[in-house]
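Each step along the sequence shown adds one to the number in this note's numbering, with nothing skipped, and position 45 is 500. Built from N, CA and C at the ideal position, the CB exists for glycine as well. A quick note: this is a predicted structure, and the numbers were derived from the prediction, not measured.
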Amino acid sequence: EPHPSTYKSLVRNINLNSDLKDIIYPINIAIGNKKSTVKFTDDKYLAVLNKISDKGEIEVPVSTLDEITKDIKKINLIKVDVEGYEKFVFESAKNTLENTDCIYFESYESNYHDYNYTLGDIYQILKKSGFLIYKTKEDFSLEKIDENYRSIEKYENLIALKNLDYYNQRMSEHFKK
């Protein structure tokens with residue numbers, strides 16, 4: 456979590472849930488395609504929409520996903536929701552993507568336009584690492600999308616999988632509960 460006040464809230468919530476302290480390791484950084492610093496917005500009323508922006512009021516450090524996951528050999532799931540900065544997260548994650556089964560990420564073409572790319576760019580990055588991308592339907596089944604698909608009308612979460620059986624097995628386990 457890059458935003459300092461949101462990070463503090465995250466740590467406070469983790470500490471309130473003692474069973475989470477040993478499995479969640481918060482890091483107060485942004486993820487991008489190279490180590491650096493970036494400007495970040497500081498909207499107190501819509502804190503969940505704070506993002507990297509040239510007009511940002513605060514400066515935050517940036518690392519790469521490969522750097523922060525370098526000691527992790529196997530990743531079941533990565534969740535990415537970075538208000539349009541997804542492409543830059545994935546660009547820095549070649550090794551991480553090789554070790555990952557499933558990626559759940561937010562898609563909204565309007566956010567991507569803020570950073571001059573499209574979902575097609577993300578599609579190509581993930582495809583090179585062996586992922587296929589799906590959108591979920593109301594019955595939780597998946598519909599494969601291609602590189603021309605666009606999330607234009609609304610925000611939606613997409614799922615990138617190397618193996619569709621992985622998803623089906625997890626969903627089966629979930630609905631048995």
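Assignment of residue 612 by DSSP, reduced to helix, strand and coil, places it in the strand class. Taking C-beta separations shorter than 7 Å and ignoring five residues to either side along the sequence, the partners of residue 482 in its chain run 523, following chain order.
The criterion of a C-beta distance shorter than 8 Å is satisfied by residue 514 and residue 494. According to the DSSP assignment, residue 533 belongs to the beta strand (DSSP E) that extends over 530 to 535. Around the beta-carbon of residue 583, fewer than 16 other beta-carbon atoms lie within 10 Å, marking it exposed. Where residue 513 is concerned, the enclosing beta strand (DSSP E) starts and stops at 513 to 518. When the Cα atoms are used, residue 573 and residue 590 turn out to be separated by approximately 16 Å. By the criterion of a C-beta distance shorter than 7 Å, residue 579 is surrounded in its chain by 602, once the five residues flanking it on both sides are discounted.
The C-alpha of residue 585 is placed about 22 Å away from the C-alpha of residue 539.
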